[in-house]
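Read the structure below first, then the notes.
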Amino acid sequence: MASLPNPLDGFSITPADFDYVGDDLHRPECVLAEPDGTLWSADARGGVMRIAVDGTQELIAQTPAGPADAANRDAGARLVDGTLPNGLAFDRDGNFLISNFGTDRLEHMTRDGRTTPIAETLDDLPIGKVNFVCRDSRDRVWVTVSTKAHDWRRQMTPDVEDGQLLLYTQGGLRVVADGLRFANECKLDAAEEYIYVVQTCGRNILRFRVHEDGTLSDREIYGPADHGRFIDGIAFDQFGNLWGTYIFTDGIFAITPERDVRILFEDSTPEEIHSFDLRFRAGTVDMDLLLSMGGPVATWCASITFGGRDLEDVYVGSLRQTRLPHFRSPVAGLPLVHWSEMTDR
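Here it is, written out as structure tokens:
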């Protein structure tokens with residue numbers, strides 16, 4: 121029996137295919153979409169930006185406020201200190217779970233901004249550089265820690281491997297995978313049989329089998345062992361393609377169910393990719409280099425979010441754009457767990 125054609129066959133994206141939504145956004149690294157078309161983006165002023173269907177915006181600031189927000193610091197310090205909402209997920213009530221890349225803690229924020237820490241230590245030690253958070257249908261919360269070092273800029277090396285994947289359930293936090301090479305976004309597949317974890321400095325994606333008790337096994341690399349570029353965000357579509365973003369040497373790719381890689385959008389030149397690769401291999405990546413990198417569409421391309429009523433609008437989060445680029449996909453995205461919860465209300 122012939123296999124079904126992949127909806128991504130022949131599909132590619134050019135700069136002309138992008139439209140933009142939002143304005144004056146501050147570090148919109150992660151984007152959440154609601155079934156009614158409302159968008160939420162992480163904001164470095166401390167909180168989230170709500171973007172309504174008609175385009176109107178409202179900043180929901182965290183209260184009590186965290187450390188001085190990162191938006192008012194120099195370019196380097198803005199990426200390390202202050203409050204830096206990074207990964208976002210909805211809880212069952214539609215409030216926010218926030219992995220804060222500046223305060224180094226997992227936080228809960230209501231829709232009016234009231235914020236409380238969920239976890240900031242593990243075994244009486246600081247958690248580390250909390251990067252991303254996602255929730256599954258059993259209400260388990262998966263959290264990535266990129267590195268134990270607060271100043272992550274010094275960890276952009278081939279030999280970093282102090283990242284972790286944590287699991288938060290019933291008020292408890294535990295390590296379920298460690299030795300990760302700058303863990304970044306994580307996502308579960310449609311059956312929640314596997315969890316996929318980006319290793320930014322490994323320049324690949326790991327896959328683990330998820331067991332009933334939350335333990336993991338069968339660790340393996342999913343797709344290429346080395347993309348030759350830093351990966352940041354990932355998201356599944358309903359065909360089973362795993363979309364992802366390349367950061368610093370910006371671009372968008374997809375790994376098919378057969379584990380082949382397709383480059384869907386390129387916002388960096390081959391020369392930039394090669395030069396950055398050499399610097400990374402030599403262990404000489406520094407902030408001056410990072411600040412010189414990035415394409416114009418979604419500078420420091422960080423995440424992929426499927427939205428719109430048909431889940432065929434694709435929003436691209438970034439660290440240095442002030443708007444959200446978006447385009448149409450030939451295949452619907454895999455809905456996150458909150459999608460059906462909000463639809464049923």
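Numbering (this note's numbering), first residue to last: 121 to 465.
Glycine included, C-beta positions come from ideal geometry on N, C-alpha and C.
With three or more beta-carbon pairs closer than 8 Å as the criterion, would you say the stretch 127-138 touches the stretch 446-456?
Yes: at least three Cβ pairs fall under 8 Å.
For chain C, find out if any of its Cβ atoms is closer than 9 Å to the Cβ of residue 254; answer yes or no.
This model lacks chain C altogether; it includes just one protein chain.
Taking contact to mean 3 or more Cβ pairs, one atom from each stretch, closer than 8 Å, check whether the stretch 358-373 and the stretch 402-422 are in contact.
Under the three-pair Cβ rule at 8 Å, the stretch 358-373 counts as touching the stretch 402-422.
Go ahead and pull the three-state DSSP assignment for residue 153.
Here residue 153 sits in strand by DSSP.
So, at 7 Å on beta carbons, what are the nonlocal neighbours of residue 323 in its own chain, with the 5 sequence-adjacent residues on each side left out?
So the list reads 346, 347, 348, 349, 350, 351, once near-sequence residues are dropped.
How many angstroms separate the CA atom of residue 404 from the CA atom of residue 277?
CA-to-CA, the gap between residue 404 and residue 277 works out to about 8 Å.
May I have the straight-line CA-CA distance separating residue 255 from residue 393, to the nearest angstrom?
Rounded to whole angstroms, residue 255 and residue 393 show a C-alpha spacing of 34 Å.
Please go through the same chain and pick out, in chain order, the residues whose beta-carbon is closer than 6 Å to the beta-carbon of residue 312, but skip the five residues on each side of it.
Excluding positions up to five away in sequence, the list reads 256.
Can you find the residues in the same chain that come closer than 6 Å, C-beta to C-beta, to residue 289, ignoring five residues on each side of it along the sequence?
The residues are 260.
Of the listed residues 226, 293, 412, nearest to residue 335 (C-alpha basis):
Out of 226, 293, 412, 293 has the C-alpha closest to the C-alpha of residue 335.
Find out if the Cβ-Cβ distance for the pair residue 285, residue 298 is shorter than 9 Å.
For residue 285 and residue 298, yes; Cβs fall inside 9 Å.
So, is residue 433 buried or exposed, given that buried needs 16 or more other C-beta atoms within 10 angstroms?
Classification of residue 433: buried, given that the 10 Å Cβ count is 16 or more.
According to DSSP, simplified to helix, strand and coil, what is residue 444?
For residue 444, the secondary structure class from DSSP, reduced to helix, strand or coil, is strand.
Using the beta-carbon count (16 or more within 10 Å), is residue 357 buried or exposed?
With a 10 Å radius around the Cβ and a threshold of 16 neighbouring Cβ atoms, residue 357 comes out buried.
Within 10 angstroms of its Cβ, does residue 146 collect 16 or more other Cβ (buried), or is it exposed?
Under this definition residue 146 is a buried residue.
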